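Student: First, the structure itself, so that you have it in front of you.
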Amino acid sequence: MARVCALPPLRRGGQGGETSARRSRTRQLAAALALCLSGCAMPLAAQPAGPLRLEDALSIGLESSYGIRIARQTEALAEVSNTPGAAGMLPTAAFAATQSLATNNTQLKFFSGDERSVNGATTVNFNANVQLNWTLFDGMAMFVRRDRLAESAALQSVQTQREVAAAAYGITLAFYNVVIQQELYRVLEQNLTLSADRRQLAAGRLRVGAGSELALLQARVDFNTDSSALLRQELALTQSKARLNRLLLYDPGAPLEVQPGVPLDQTLSLDTLEAEIMSQNPELLAARANIRLSELAVREARADLLPSLNLNATLNFTRFTTEAGVLQSNRSYGPSAALVLSYPIFSAGARRRAIEGAAIGAEQASLRYESLRADLQSDLYLQYEAYRAALELIAIEAASLEIARSNAAITAGKYRLGAANELEVRQAQVNLVAAENRLLSARYTAKLAETDLRFLAGQLRVD
3 MARVCALPPL
13 RRGGQGGETS
23 ARRSRTRQLA
33 AALALCLSGC
43 AMPLAAQPAG
53 PLRLEDALSI
63 GLESSYGIRI
73 ARQTEALAEV
83 SNTPGAAGML
93 PTAAFAATQS
103 LATNNTQLKF
113 FSGDERSVNG
123 ATTVNFNANV
133 QLNWTLFDGM
143 AMFVRRDRLA
153 ESAALQSVQT
163 QREVAAAAYG
173 ITLAFYNVVI
183 QQELYRVLEQ
193 NLTLSADRRQ
203 LAAGRLRVGA
213 GSELALLQAR
223 VDFNTDSSAL
233 LRQELALTQS
243 KARLNRLLLY
253 DPGAPLEVQP
263 GVPLDQTLSL
273 DTLEAEIMSQ
283 NPELLAARAN
293 IRLSELAVRE
303 ARADLLPSLN
313 LNATLNFTRF
323 TTEAGVLQSN
333 RSYGPSAALV
343 LSYPIFSAGA
353 RRRAIEGAAI
363 GAEQASLRYE
373 SLRADLQSDL
383 YLQYEAYRAA
393 LELIAIEAAS
403 LEIARSNAAI
413 TAGKYRLGAA
423 NELEVRQAQV
433 NLVAAENRLL
443 SARYTAKLAE
453 TDLRFLAGQL
463 RVD
C-alpha cells in the first residue's frame, strides 16, 4: 500500500515580511519533503495493531507477494493474446507510400532519327497503396489456434492459483511455526522461574544450616542450563519471526506478535479430499490443460495437410512525371483483388514429422498426467495417515502433560517440606518441559499434515 504524502498549506506574508515568509515557506517545504521520504521508506503493508492473526497474515502476504503479482501479470498477458486476430481469423491491412526524386543527364535517340539530349532532367515518382490480406481457409488451423489461445489463458489462470496456494501454504506454516516457538519460549521461561525459586530456596536452606553446599551448586548449574536453553529458544523465535516477516514483506527485524493457539480440524475425510484433488488440485488441473494443448497441437499440425485460400486486395495510386523520356507524366489509380490458392505438394516429410512429433507430445502429456495423479494419491494417503497419527499423539501427549504437571507440583511441594531431594525435583522439572515440548511438537505436526492435505486438495485458494 503506497503512502500518499500531502504538503501542508503555505502561509503568505505581507509585503513588509516577504523575506521571513520566504524562509517560512522553505522550512515548511523541507519538513513536508522529510515526512514524505520517511513515509516512502515504510514497508508495503502496514502492520496491524495487536497480535497478528492468520487471516491478516494471509491477506498481507498474498497481496504483497512478488510471485503472485508476476503470475497475475502473466495471466493478464495471456488474456490480451487471446483474440481472434492473434489466431489469424481477421484480415490485416497496411498502408504504404513512396516518393522518389531523381536527376539525370539523358540522351534519347528515336527510330525516326530524331535525337534529344537533356541535362539535369528531373524524374518524380509517387506511389501510395492500401493492401488487404485475409486468410479465408487454412485447413481450420485458425480455429485450432483460437482454442489453443483460450486454453493457454485458462492454463495461466491455473498457474496463478497454484502460485497463490503455494504462497498461502508457506505463510501458514511460517505463522504456526512462530506460534509454536512462542509457546515453547513461554514453557522455558516458566521453567527458568522454577529453577530460580529452587536456587533461592537452596541458598536460604544453606544459610539456616538445613541445606548443603552441593545442593546450592547443583541448583545454580541447573539455573544456568535453563538460562542457556531460554537464550537458544529466543534465537529460534527471532529467526522464525524473521522468516514470517520476509513472507509479509516486512523488515526482518520488525517486532511481530502472533495470535497464540493452533486450531486443528479433526473432520477431514480421505474420500472427500481425494475427490477434491481430482477436481481442484492446481497441479492436476495444469496437467489436464497441457493434455488439451498437446491435442490441439496435433490438430494444428494436421491442418497443414489441407490447402489454404487467401484474399489479397490492393487500392493503388501512382503518379509519374519526368522532364525527359517518351511520356511526360503518367497517373493511375484503382483497386485490384486476387484469390490465392496454395498447397505444398512436397515438403521433404516436414508435415509428417510435425504430426508425429505432436502426437508423441500428446502421449507424453497424458503419461505425465497419469504419473502426477498416482503421486498425488500416494501423497494424500501418506499425509492422511500422518494426520491421523498426529491427532492420536496429541491425545496421548496431553494426558502425559497432565501427569507431568501433577508430578512436578507434588515433587516441588515435597521439596519445600524436605521430603524430596534435588535430583527428584530436577527430574520432575525436566519431565515437565519434555512433555510440554512433545505436545507442542505433536500439535505442529498435526497442523503441518492438515495444511499439506488442504494444499493437495486445492483448498488453499484464497481470493
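Under our numbering, the final residue of the sequence shown carries the number 465; numbering is consecutive throughout.
Idealized CB from N, CA, C, for every residue including glycine.
Since this is a predicted model, take the numbers as computed values, not measurements.
For a test of the three-state rule: what should DSSP assign to V264, helix, strand or coil?
Tutor: Coil, per DSSP.
Student: Could you tell me which uninterrupted beta strand (DSSP E) segments, each at least 3 residues in length, are contained entirely in the region 105-183, listed from first to last along the chain?
Tutor: Segments of the beta strand (DSSP E) lying fully in the region 105-183: 117-139.
Student: If V160 and A288 are in contact, beta carbons under 8 Å, what's the gap, nearest whole angstrom?
Tutor: Rounded, the Cβ-Cβ distance is 5 Å, consistent with contact.
Student: Among the residues of its own chain, which have a CB less than 8 Å from the CB of L441, if the five just before and after it don't count?
Tutor: Once the five neighbours on either side are set aside, the close Cβ partners of L441 are I396, E399, A400, S402 and L403.
Student: Touch check for the region 446-454 and the region 169-186: three-plus C-beta pairs under 8 Å?
Tutor: Taking 8 Å as the limit for Cβ pairs, the verdict is that the region 169-186 does touch the region 446-454.
Student: Can you list, in chain order, the residues of its chain with a C-beta nearer than 6 Å to that of F132? Leave out the 5 residues immediately preceding and following it.
Tutor: The sequence given here places Val at residue 132; Phe does not occur at that position. So the qualifying residues of the chain are F97 and L317.
Student: Please report how far the alpha carbon of Q121 lies from the alpha carbon of T324, in whole angstroms.
Tutor: Rather than Gln, the amino acid found at residue 121 in this sequence is Asn. Approximately 12 Å between the Cα atoms of the pair.
Student: Taking the alpha helix (DSSP H) that F225 falls in, what are its first and last residues?
Tutor: Looking at the DSSP string, the run of the alpha helix (DSSP H) that includes F225 is E215 to L249.
Student: Indicate the three-state DSSP secondary structure (helix, strand or coil) for Y335 in the structure shown.
Tutor: Here Y335 sits in strand by DSSP.
Student: Can you tell which of E372, L219, L393 and D381 has its C-alpha closest to the C-alpha of V264?
Tutor: Looking at the Cα atoms, L393 is the closest of the given residues.
Student: Closest to L419 by CA distance: which of A170, L203, N193 and S83 is it?
Tutor: Ranking A170, L203, N193 and S83 by Cα distance to L419 puts L203 first.
Student: Below 7 Å CB to CB, which residues in the same chain sit around V432 once its five sequence neighbours on both sides are set aside?
Tutor: Answer for V432: no residue qualifies.
Student: According to the neighbour-count rule (16 or more other Cβ atoms, all chains shown, within 10 Å of its Cβ), is N283 buried or exposed?
Tutor: N283 is buried by the Cβ-count criterion.
Student: Is A430 near A410, with beta carbons less than 8 Å apart?
Tutor: Cβ atoms of A430 and A410: closer than 8 Å.
Student: Quick one: what's got a C-beta closer than 7 Å to Q17's C-beta in the same chain, skipping five residues either side?
Tutor: Low local confidence applies: a pLDDT of 41 at Q17 is under 50, so the model's placement there is unreliable, with the coordinate-based value given in what follows. The answer is none, since no qualifying residue turns up.
Student: Candidates E297, P346, D228 and V82: which alpha carbon is nearest L194's?
Tutor: Among E297, P346, D228 and V82, the Cα nearest to that of L194 belongs to D228.
Student: Would DSSP call N476 helix, strand or coil?
Tutor: Because the chain is modelled from 3 through 465, residue 476 falls outside the range shown and cannot be assessed.
Student: Could you check the C-alpha separation between L46 and A360 for me, to the nearest Å?
Tutor: The pLDDT assigned to L46 is 46, lower than 50, so where the model puts this residue is not dependable, and the model offers no usable value.
Student: Who are the near neighbours of D149 in its chain, counting only those whose CB is closer than 7 Å to its CB and skipping five residues on each side?
Tutor: So the qualifying residues of the chain are L298.
Student: Taking Cβ to Cβ, would you say A89 is nearer than 8 Å to Q158?
Tutor: In this structure, Q158 does not lie closer than 8 Å to A89 by Cβ.
Student: DSSP state of N84, grouped into three classes?
Tutor: Three-state result, N84: coil.
Student: Taking DSSP's pairing of strands, which residues face S344 in a bridge?
Tutor: According to DSSP, which records beta bridges pairwise, S344 is partnered with S310.
Student: Output the boundary residues of the alpha helix (DSSP H) element that contains D253.
Tutor: From DSSP, D253 is part of no alpha helix (DSSP H); its letter is neither H nor E.
Student: Report buried or exposed for V342, applying the criterion of at least 16 other Cβ atoms within 10 angstroms of its Cβ.
Tutor: Exposed, since its Cβ has fewer than 16 Cβ neighbours within 10 Å.
Student: Considering only DSSP beta bridges, list what S102 is partnered with.
Tutor: According to DSSP, which records beta bridges pairwise, S102 is partnered with N127.
Student: Just mark F112 as buried or exposed, buried being the case when its beta carbon has 16 or more other beta carbons within 10 Å.
Tutor: Counting Cβ neighbours within 10 Å, F112 comes out exposed, since fewer than 16 surround it.
Student: Below 8 Å between beta carbons: does that hold for P262 and V181?
Tutor: Contact: yes.
Student: Taking only three categories from DSSP, how would you classify L317?
Tutor: Three-state DSSP puts L317 in a strand.
Student: Once you ignore the five residues that flank K449 on each side, which residues in its own chain have a CB closer than 7 Å to its CB?
Tutor: Excluding sequence neighbours, K449 sits near Y178, V264 and L266.
Student: Any idea which residues DSSP pairs F322 with across the strands?
Tutor: F322 pairs with N127 and N332.
Student: Roughly how many angstroms lie between the CA atoms of A130 and L138, to the nearest whole one?
Tutor: Using only the alpha carbons, I get a separation of about 26 Å.
Student: Might you give, ordered along the chain, the residues of its own chain that have their beta carbon closer than 8 Å to the beta carbon of E276, omitting 5 neighbours on each side?
Tutor: Same-chain partners within the cutoff: Q379 and L382.
Student: Could you have a look at T447 and say whether DSSP puts it in helix, strand or coil?
Tutor: Helix at T447.
Student: Give the C-beta separation of A59 and L462 to the nearest angstrom, bearing in mind that I take them to be a contact with Cβ-Cβ under 8 Å.
Tutor: 13 Å between Cβ atoms; not a contact.
Student: The alpha helix (DSSP H) that contains Q379, what's its start and end?
Tutor: Per DSSP, Q379 belongs to the alpha helix (DSSP H) from A352 to R418.
Student: Alpha carbon to alpha carbon, what distance is there between F457 and I72?
Tutor: Between I72 and F457, the C-alpha separation is close to 21 Å.
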